[in-house]
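Protein chains in written order, with the working numbering: chain A, 1 to 118; chain B, 1001 to 1115.
Glycine included, each C-beta is placed from N, C-alpha and C at the ideal position.
Nothing here was measured: the structure is a model prediction, and the numbers come from that model.
See below for the structure under consideration.
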Amino acid sequence: DVKVTQSSRYLVKRTGEKVFLECVQDMDHENMFWYRQDPGLGLRLIYFSYDVKMKEKGDIPEGYSVSREKKERFSLILESASTNQTSMYLCASSLKGGTGTGGQYEQYFGPGTRLTVT
Amino acid sequence: AQSVTQLGSHVSVSEGALVLLRCNYSSSVPPYLFWYVQYPNQGLQLLLKYTTGATLVKGINGFEAEFKKSETSFHLTKPSAHMSDAAEYFCAVSGGIRRYSTLTFGKGTMLLVSP
């Protein structure tokens, strides 16, 4: 059974702390993604990675950074957590595919990390 | 640029009634279309997807969706709702020439099923 796991289901941090969210996939997927999910706003892409050490900004990268040192692991970093980063964070992975066909592959999601910054 | 509009943030149906969740998309290239479901406190799970070929796509749990290019729509239906269908549903679109196309999601529709 394919699996994407996230290091924590619930996390509470204080304003100004550095926060690490970890994601691991066991499907040998090239692509990995970080989203945040807020009520009424759907899922918004923060960053994604299409290969080890490669990363691309998504729609809302401000205040976040990422790291991908190994193919199976993708980390999201909040350098200095703020209250407006309180949210549900979802990690996903997918196959990459050939030119023009990569978009056909579905993304597999982890269970999410609900982060509260106080 | 791509976008997705889901009509109705909440849809209420009775158990046994038809489920219809609406999705319209905008894409400058031939789209790939997806429906995902999210149960409380869980991640997203793929219901079905359209890539090429047959425009009526069948998915898990009795759901299906029809790709209508002329209407830029990909509505999700199920003939008879079950209580277990209560969840949030997301429509998403991807496409393009890059090998690592990203998904653009709609804002989601919460399906409420009453006895």
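Following the DSSP letters along the chain, one finds Leu1033 of chain B inside the beta strand (DSSP E) bounded by residues Tyr1032 to Gln1038.
Under a criterion of Cβ atoms nearer than 7 Å, the residues of chain B adjacent to Pro111 of chain A are, in order, Gln1042 and Gly1043.
Spatial neighbours of Val1004 of chain B in its own chain (CB-CB distance under 7 Å, excluding positions within 5 residues in sequence) are listed in chain order as Cys1023, Tyr1025, Cys1091, Ala1092, Val1093, Thr1104, Phe1105 and Gly1106. Contact between Ser49 of chain A and Arg73 of chain A is ruled out by a C-beta separation of about 10 Å, above the 8 Å threshold. Interface residue (Cβ-Cβ distance to chain A less than 7 Å): Thr1102 of chain B is classified as such. For Lys1058 of chain B, the enclosing beta strand (DSSP E) covers residues Leu1056 to Lys1058. Within the stretch 1045-1058 of chain B, the residues whose Cβ lies closer than 9 Å to any Cβ of chain A are, in chain order, Gln1045, Leu1046, Lys1049, Thr1051 and Thr1052. Residues of chain A whose Cβ lies closer than 7 Å to the Cβ of Phe1067 of chain B do not exist; the shortest such Cβ separation is about 13 Å. Residue-level contact check: Tyr1025 of chain B does not touch chain A, since none of the beta carbons of chain A fall below 7 Å from its beta carbon. For Lys1049 of chain B, the closest of B:Pro1031, B:Gly1016 and B:Gln1038 by C-alpha to C-alpha distance is B:Pro1031. Residue-level contact check: Gln25 of chain A does not touch chain B, since none of the beta carbons of chain B fall below 7 Å from its beta carbon.
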